[in-house]
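Worksheet: one structure, shown below.
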Amino acid sequence: MAKIDNPNDLFEHFNISQHCKNEIHQLYNTHKEKFLKPLAGICGGIKRQSQEILDNEFEHPKGTCYIKTTFIKVIYHKESLQIIDVYWIEKG
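Start counting at 1 in the sequence shown, then tack on 5, and there's your number in the numbering used here.
Okay, here's the thing in C-alpha coordinates:
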(Lines of atoms letter the chains of each structure in order from A and count residues from 1; the text may use other names and numbers.)
(Lines give C-alpha, C1' and ligand atoms only; values in the text may rest on other atoms or scores of the structure.)
Protein backbone atom coordinates (compact mmCIF):
# COMPACT_ATOMS: atom_id res chain seq x y z
CA MET A 1 0.00 0.00 0.00
CA ALA A 2 1.11 3.54 -0.71
CA LYS A 3 2.44 5.72 2.07
CA ILE A 4 -0.40 7.73 3.62
CA ASP A 5 0.82 10.77 5.56
CA ASN A 6 -2.23 13.02 5.37
CA PRO A 7 -5.85 12.99 4.18
CA ASN A 8 -4.90 14.15 0.67
CA ASP A 9 -2.75 11.03 0.22
CA LEU A 10 -5.80 8.97 1.19
CA PHE A 11 -7.96 10.76 -1.39
CA GLU A 12 -5.45 10.04 -4.18
CA HIS A 13 -5.62 6.28 -3.64
CA PHE A 14 -9.23 5.58 -2.66
CA ASN A 15 -12.70 6.36 -3.99
CA ILE A 16 -14.06 8.77 -1.35
CA SER A 17 -17.13 11.02 -1.69
CA GLN A 18 -16.73 14.79 -1.34
CA HIS A 19 -18.88 14.85 1.81
CA CYS A 20 -16.70 12.16 3.33
CA LYS A 21 -13.51 14.05 2.41
CA ASN A 22 -14.72 16.96 4.55
CA GLU A 23 -15.45 14.59 7.45
CA ILE A 24 -12.02 12.98 7.13
CA HIS A 25 -10.27 16.37 7.24
CA GLN A 26 -12.18 17.29 10.41
CA LEU A 27 -11.47 13.96 12.10
CA TYR A 28 -7.80 14.10 11.08
CA ASN A 29 -7.45 17.60 12.55
CA THR A 30 -8.84 16.27 15.84
CA HIS A 31 -7.26 12.80 16.11
CA LYS A 32 -4.23 12.88 13.71
CA GLU A 33 -2.40 9.55 13.26
CA LYS A 34 -4.65 7.75 15.75
CA PHE A 35 -7.37 8.17 13.12
CA LEU A 36 -5.53 8.26 9.79
CA LYS A 37 -3.48 5.04 9.92
CA PRO A 38 -6.39 2.73 10.88
CA LEU A 39 -8.63 4.43 8.31
CA ALA A 40 -6.01 3.90 5.59
CA GLY A 41 -5.85 0.20 6.48
CA ILE A 42 -9.63 -0.16 6.35
CA CYS A 43 -9.85 1.71 3.03
CA GLY A 44 -7.12 -0.52 1.58
CA GLY A 45 -8.99 -3.62 2.73
CA ILE A 46 -12.22 -2.37 1.18
CA LYS A 47 -10.48 -1.59 -2.12
CA ARG A 48 -8.87 -5.05 -2.23
CA GLN A 49 -12.02 -6.71 -0.84
CA SER A 50 -9.79 -8.57 1.59
CA GLN A 51 -11.25 -11.58 3.37
CA GLU A 52 -11.02 -9.84 6.74
CA ILE A 53 -13.22 -7.02 5.42
CA LEU A 54 -15.67 -9.42 3.77
CA ASP A 55 -16.00 -11.41 7.01
CA ASN A 56 -16.75 -8.29 9.06
CA GLU A 57 -18.88 -6.12 6.78
CA PHE A 58 -22.55 -5.58 7.43
CA GLU A 59 -24.99 -4.63 4.68
CA HIS A 60 -27.68 -2.12 5.61
CA PRO A 61 -29.52 -0.86 3.67
CA LYS A 62 -29.14 -3.08 0.60
CA GLY A 63 -26.13 -2.06 -1.47
CA THR A 64 -24.53 -0.08 1.36
CA CYS A 65 -22.08 -1.75 3.73
CA TYR A 66 -20.21 -0.74 6.81
CA ILE A 67 -17.17 -1.89 8.74
CA LYS A 68 -16.97 -1.04 12.42
CA THR A 69 -13.87 -1.26 14.60
CA THR A 70 -13.30 -0.11 18.16
CA PHE A 71 -12.87 3.54 17.12
CA ILE A 72 -13.95 3.91 13.47
CA LYS A 73 -17.04 3.12 11.41
CA VAL A 74 -16.69 3.29 7.62
CA ILE A 75 -19.74 3.21 5.34
CA TYR A 76 -19.37 2.46 1.62
CA HIS A 77 -21.31 1.47 -1.49
CA LYS A 78 -20.84 -2.23 -2.15
CA GLU A 79 -20.84 -2.01 -5.96
CA SER A 80 -18.57 1.02 -6.52
CA LEU A 81 -16.61 0.62 -3.24
CA GLN A 82 -16.96 4.40 -2.76
CA ILE A 83 -16.45 5.43 0.87
CA ILE A 84 -19.44 7.64 1.71
CA ASP A 85 -19.09 8.27 5.44
CA VAL A 86 -16.67 7.86 8.33
CA TYR A 87 -17.43 8.12 12.04
CA TRP A 88 -15.14 8.34 15.04
CA ILE A 89 -16.54 6.30 17.92
CA GLU A 90 -15.91 7.98 21.27
CA LYS A 91 -15.32 5.67 24.20
CA GLY A 92 -16.61 7.02 27.49
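We put the beta carbon where it would ideally sit given N, CA and C, even for glycine.
### Query
The beta strand (DSSP E) spanning H82 covers which residue range?
For H82, the enclosing beta strand (DSSP E) starts and ends at 77-82.
### Task
Grab me the residues of Y92's own chain with a C-beta within less than 6 Å of its C-beta, minus the 5 sequence neighbours each way, in chain order.
Cβ-Cβ distances below 6 Å link Y92 to K78 in the same chain, with the five nearest sequence neighbours on each side left out; the list follows chain order.
### Query
So, helix, strand or coil for D60, using DSSP?
Residue state, collapsed to three classes: helix.
### Query
For I72 versus I47, is the C-beta distance shorter than 8 Å?
By the CB criterion at 8 Å, I72 and I47 fall inside the cutoff.
### Task
Closer than 8 Å by C-beta to T4: which residues in its own chain qualify, once you throw out the five before and the five after it? Chain order, please.
As displayed, the chain neither begins before 6 nor continues past 97, which places residue 4 out of reach and without an answer.
### Query
My guess is that F16 and K8 are in contact by the Cβ rule of under 8 Å, so how many angstroms apart are they, rounded?
Approximately 14 Å separates the beta-carbon atoms of F16 and K8; this is outside 8 Å, ruling out the contact.
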